[in-house]
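Novice:
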Amino acid sequence: MLGLQKFSPAGRSSFRARETLVAAFCQYFERGSHLVTNAPNLALVASRYRHNMCHKLSIEDSARTEIGQIAASISSTIPAAFWMLWHVLSDPLVLAECRREIEQSACFLPRQQPDLDNGEGLGGRRGIEFDRLTKSEFCPILVSTWHEVLRYNHTGIAARMVMEETMLGRYLLKKGSTVVIANPVIHSDTSAWGPSANEFQHQRFVRSQKINRDPTLDLRDTSSEKMTTTMTKSSVKNLEKSTACRIFGGGSTLCPGRYLASQEVLSLVALVVLNFDVFPVHGRWVLPGKNVSLTTALPTPYPLKPSDLDSEILRIQLA
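Sequential numbering of the sequence shown, starting at 1, is according to my numbering.
Structure, rendered in structure tokens:
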């Protein structure tokens, strides 16, 4: 049945595009481009190829698996990165708290070491422990903001097969049938998330931290010392593990790439907020429109007017 798509007017162009990519990946593997030395970014591609060869897949079959890998790697991660940057940069409070947290918990001053390119010492330039960015014990506000971005913007749906007859309220779910779960409906349920379910609250997922803010804090001054953080016991439930939280799927099936995606996005955010100030050219941030697709977990943004997303980027030097 899947082969019939090549005869469908709607599927013909997609079929040709897929075959073009397959042919390109076949050439890529045949040339050994995935085996280039000193290219750590190719390690994942090379390991997948070795795995496929161990299971007797042909080069063409391996090339076809890469198409699925591309879809999984970028279809939701890229829009997720945009919305994370949007929510952080467009709100001075979120930006100030995330920037300060990254500085305090994930940055370090490396020892003098020879630079690989020119032999010069690092001279006190700061480094980032990227693995800390995804851990709540080090960056609770950053991680909470990330989870809230996914909850607030999630448009994905999930399908599950009913394994045995089940009564759900007054509905009988028969064995073998399919249940479609609309994640945005669950993520906006006030019985699960409270009256603020339809609001973006970047500290919603912070469980064990209380932020004490000085009301005179100038949120444009990211070097201010008026913001303090104290660790306290909290009665906030573990929302990430709640059945109402479907940011990475739910039940027995969770996104296998959730750790890699989180590391990619939060690393990008850390590099941006530590190095740049971003301002809207026209003086205010304008929420972009959203293209919702059944094939992605988050909507793709688009400017309502061509100039809506025009921004000025200034390099900064934090103390």
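Built from N, CA and C at the ideal position, the CB exists for glycine as well.
Quick check on the burial criterion: 16 or more other C-beta atoms within 10 angstroms. Buried or exposed for D308?
Specialist: Label assigned to D308: buried.
Novice: Please name the residue, chosen from T77, F200, L89, that lies closest to S262 on a Cα-to-Cα basis.
Specialist: Of T77, F200, L89, the residue nearest in Cα terms is T77.
Novice: Taking all protein chains shown into account, do 16 or more other C-beta atoms lie within 10 angstroms of the C-beta of V206, making it buried, or fewer, making it exposed?
Specialist: Looking at its Cβ environment, which holds 16 or more other Cβ atoms inside 10 Å, V206 is buried.
Novice: So what's R160 in DSSP terms, helix, strand or just coil?
Specialist: Strand, per DSSP.
Novice: Would you call the CB atoms of V88 and T145 closer than 8 Å?
Specialist: Yes.
Novice: Let me check one thing: in DSSP terms, what residues is F279 bridge-paired to?
Specialist: BP columns for F279 point to E312.
Novice: Straight-line CA distance for L116 to I128?
Specialist: In this prediction, L116 scores a pLDDT of 43, lower than 50, which makes its location untrustworthy; the coordinate-derived value is nonetheless stated afterwards. Approximately 18 Å, taken between the alpha carbons.
Novice: Buried or exposed: where does E312 fall if 16 or more other Cβ atoms within 10 Å of its Cβ makes it buried?
Specialist: The residue in question, E312, is exposed, as its Cβ has fewer than 16 Cβ neighbours within 10 Å.
Novice: Return the first residue and the last residue of the alpha helix (DSSP H) that L142 is part of.
Specialist: Unbroken alpha helix (DSSP H) run through L142: 140–153.
Novice: Can you tell me the Cα-Cα spacing of L35 and M53, whole angstroms?
Specialist: Straight-line Cα distance between these residues: approximately 14 Å.
Novice: If we count Cβ pairs, one from each stretch, closer than 8 Å, do we get three or more for the region 57–70 versus the region 22–31?
Specialist: Counting Cβ pairs under 8 Å, three or more are found: they touch.
Novice: Quick one: give me the first and last residue of the beta strand (DSSP E) that G289 is part of.
Specialist: Run containing G289: 289–291, per the beta strand (DSSP E) assignment.
Novice: Please name the residue in R99, E165, M161, E148 whose C-alpha comes closest to that of L133.
Specialist: It is R99.
Novice: Within a Cβ cutoff of 8 Å, which residues of the same chain sit near P215, ignoring the five residues on either side of it in sequence?
Specialist: Only weak support is given to the placement of P215: the predicted model assigns it a pLDDT of 42, under 50, and the question is left unresolved by the model.
Novice: So D65 is in the alpha helix (DSSP H); what residue range does that whole segment cover?
Specialist: According to the sequence as given, residue 65 is Thr; it is not Asp. Unbroken alpha helix (DSSP H) run through T65: 59–74.
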